[in-house]
Each structure stands twice: as C-alpha cells, then as structure tokens.
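These notes concern the structure reproduced below.
2 protein chains.
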Amino acid sequence: MSDPLSKRRLKLWIRLLGVTRAAEGQLREFLRVRHDTTLPRFDVMAALYRRREGVTMSELSRMLLVSNGNATAVVDRLEKDGLARRTPSETDRRTVFVSLTPEGLAAFESFAADHEAEVNRIFAGLTEQDIDLLTEILKRMGGPK
Amino acid sequence: MSDPLSKRRLKLWIRLLGVTRAAEGQLREFLRVRHDTTLPRFDVMAALYRRREGVTMSELSRMLLVSNGNATAVVDRLEKDGLARRTPSETDRRTVFVSLTPEGLAAFESFAADHEAEVNRIFAGLTEQDIDLLTEILKRMGGPK
DNA sequence: GTTTAAAATTTCAAGCTTGAAATGATTTTT
DNA sequence: AAAAATCATTTCAAGCTTGAAATTTTAAAC
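Residue numbers (full-length UniProt numbering), protein chains in the order written: chain U, 1 to 145; chain W, 1 to 145.
What follows is the structure, given as structure tokens:
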C-alpha cells in the first residue's frame, strides 16, 4: 500500500508548504497586531540589519529570493516611512546601497526579540534532536546557497 | 558555541522558509514556461480536482490557507477562462459550490503528471528515510489540521 | 576608440494577497 | 415571530509580487 517514491515526495512537498504557510500566517498576524508591520517589510529590515554596512538592491533580492522589482517596491515604502535609505555608490553609478536609518534600526531592534519569541512559540514542539535532523535534511534540499 | 534552543529554532525557520521559497520559485517558473499557468491557479485547480464533487468557497480557502477574498479572486479568473464554474447551493442560498469544468479537468490532468515529475526532480536528494523522518517531524509542527 | 555585450536598477501592467467592511441568508435567542 | 447573532460570500483599497521592458552605466571585443 506504500506509495512509490515519487508520490511520497509530492505529498511531502504539499505538507511542507502547509507547515510553512501556517507559520507564515501566524507570524504575519503577530507582526500586524503587535508591531503594526508586515512580513515583507520585516524580512527586508532583517536583511538590512544583518548587513549593517549596506547592501545593493541585487544582493537584497538574492538574499530574500524575490524579484528586483519587488525589492524596489518594498524599499520604496520603507524609505518613504523613513526606515531605510538609499546611498549611491561612489565607484559605480549603477549601484545603490540600501541601509537602515537610525529610526529603522531602532524599529527593527524593537521587533527582533519579540519575533524570535513568537517563532519559538510556533515551533515549541521541536526538540534539539528534531532540529539537528531537520537542519541536516533541509541543507540537502537546497534553498539559497 | 552552540546556540540556545530559541536561536536554533529561529535559524531553522529561516532555513525552512528558504527551502520552501526556492522550491516555489522553481515550480512557478516550471508552470509558467511549460504550462502557461501560475502557482495559485494550479493550487486551486488541484484542490478542485481532489474534490471533484465541488467545494464551497470557505472550504477552498481553508484548504489552501488563503483569505476568502483571495479565493474569490482566483476563482473569478479561472471562471472567466472557462476552467472553473460556480453552482449555487439548492439548500442554502449563501453557499456556492466551485468545481472544474470539463475544460478545467482536462487542463489539470495535462499538468498533473508533469508537475509531480518536477517536484520529484526538485527533491531528488530525498531518500525514503529522509521522507519518513521529515513527515514525522512536520506532522508535529502543525500546519493545516 | 567605437561598437557590443553585460550589469544594476527602475518602471510598468497584470495578477496575487490580505484584512476590513458590506451584503445577503440562516440560525439562535428572547 | 422579531431581534440578534452567526455564517458564506463578495467587494474594496492597499500592499505584495512577478516578469518583461526600459534606462543608465560599465566592461568587453573588435
């Protein structure tokens, strides 16, 4: 009665998508209600926080696995709200560096611990051993290099 | 040097999101290039295929973990293209059943095997044992009930 | 050195997605 | 049975997202 490998991989993918979407939904709700922000904005700010010295638009979209146009749009909105800023490169006039403003930095720091706690709550069922196993398998499943 | 559990859960979530987005990107590209369709349309059609007798809008959005408004929009477009249809309930005038038209059914059947093969290609690195392990853990991680 | 190709970003139209509010229908309470 | 609460769906505005085309700049080829 066991499915062939191909069918099992398909079912696994559907389950993986389900878990991810459910968690995304909870995080989105959490960010909206508690911090009046959105997941895409949080993702961009997290990337800019990780690379405090600034990133190019291309790097940003590669980091987040979104299109260039998308990165432009989200950064536009963050910039309009004074949370991010663009700085043209001195050496290459095609390139711009994006970074958090002081306000953006402060805002992100006010999200970050709370966000981690929420992720923790969502995945409270995972033991150290689960994490070891999952990490190992996910590494082999690819994702961003 | 090992992170506390909380940090490890956070990193795992980021990795999980990365794997899922990368796979979604590949599938989206595949559906666009080879079958001239999109992931959301495919997801809706797959749900309607699984429940050939028809589903209500609410069931549909619960199945796919999307908002009601979203389900309405995608079904609208499928209906406009003649791939899905709405049938009002006889017994409850609030309810509509959505189902695939014959054209929609044929279209989905022409995607399905190919889609499964593509998922298989993307997750070729997963052995039977990986799948057992992952399935077990993902079940405990929640997702749609 | 001029043409050609490649790269970084933005713009744009179309489609996706959400959450809130509106509409209409059914069920529950009083 | 009227009032109130609940339910199913749609509508709407705002934001998200993509992929393709356009712009501008740099690098490569000739």
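Even glycine gets a Cβ: it sits at the ideal position worked out from N, Cα and C. Bear in mind that the values here come from a model prediction, so they are computed numbers and not experimental data.
Problem set entry | Segment limits, alpha helix (DSSP H) that includes residue 61 (chain U) | Counted from its first residue, the first sequence places residue 61 (chain U) at position 61. Here the alpha helix (DSSP H) through residue 61 (chain U) covers 57 to 64.
Exercise. How big is the Cα-Cα spacing for residue 134 (chain W) and residue 134 (chain U)?
Worked result: For the purposes of this step, residue 134 (chain W) is identified with residue 134 of the second sequence, where counting begins at 1. For the purposes of this step, residue 134 (chain U) is identified with residue 134 of the first sequence, where counting begins at 1. Distance between residue 134 (chain W) and residue 134 (chain U), taken at the CA atoms: about 7 Å.
For this session: Flag this pair as yes or no: are the beta carbons of residue 78 (chain W) and residue 41 (chain W) separated by less than 9 Å?
Result: What you label residue 78 (chain W) is simply residue 78 of the second sequence in a count that begins at 1. What you label residue 41 (chain W) is simply residue 41 of the second sequence in a count that begins at 1. Yes.
Problem set entry | residue 146 (chain U) - containing beta strand (DSSP E), residue span | There is no way to answer for residue 146 (chain U), as the model of chain U reaches only from 1 to 145.
For this session: For residue 130 (chain W), decide whether its Cβ has a neighbour in chain U, counting only Cβ atoms nearer than 9 Å.
Result: Along the second sequence, one-based indexing puts residue 130 (chain W) at 130. Judged by the 9 Å Cβ criterion, residue 130 (chain W) is in contact with chain U.
Exercise. Excluding the five sequence neighbours on either side, which residues of its own chain have a C-beta within less than 7 Å of the C-beta of residue 88 (chain W), listed in chain order?
Worked result: Position 88 of the second sequence, counting from 1, holds the residue named residue 88 (chain W). Excluding sequence neighbours, residue 88 (chain W) sits near 96.
For this session: Identify the continuous beta strand (DSSP E) that holds residue 93 (chain W) and give its terminal residues.
Result: Within the second sequence, residue 93 (chain W) is the residue found at index 93, counting from 1. Counting along the chain, residue 93 (chain W) falls outside any beta strand (DSSP E), and DSSP gives it neither H nor E.
Exercise. For the putative contact between residue 24 (chain U) and residue 39 (chain U), defined by C-beta atoms under 8 Å, what is the C-beta separation to the nearest angstrom?
Worked result: Mapped onto the first sequence, residue 24 (chain U) falls at position 24. Mapped onto the first sequence, residue 39 (chain U) falls at position 39. Right, the Cβ-Cβ distance comes to about 7 Å (below 8 Å), so this counts as a contact.
Exercise. Beta-carbon separation of residue 5 (chain U) and residue 45 (chain U) under 9 Å?
Worked result: For the purposes of this step, residue 5 (chain U) is identified with residue 5 of the first sequence, where counting begins at 1. For the purposes of this step, residue 45 (chain U) is identified with residue 45 of the first sequence, where counting begins at 1. No; because the gap between Cβ atoms is not below 9 Å, this pair is not in contact.
For this session: Measure the C-alpha to C-alpha separation of residue 146 (chain W) and residue 90 (chain W) and round it to an integer number of angstroms.
Result: Residue coverage of chain W in this structure runs from 1 to 145, which leaves residue 146 (chain W) outside it and unanswerable.
Exercise. Are residue 65 (chain W) and residue 18 (chain U) touching if we call contact CB-CB under 9 Å?
Worked result: Within the second sequence, the letter at position 65 stands for residue 65 (chain W). Within the first sequence, the letter at position 18 stands for residue 18 (chain U). Yes, the pair counts as a contact, with Cβ atoms nearer than the cut-off.
For this session: Return the chain-ordered list of same chain residues with a C-beta closer than 8 Å to the C-beta of residue 126 (chain U), the five sequence neighbours on each side being excluded.
Result: Looking up residue 126 (chain U) in the first sequence gives position 126. If we look at residue 126 (chain U) and ignore the five residues flanking it on each side, its Cβ neighbours are 134.
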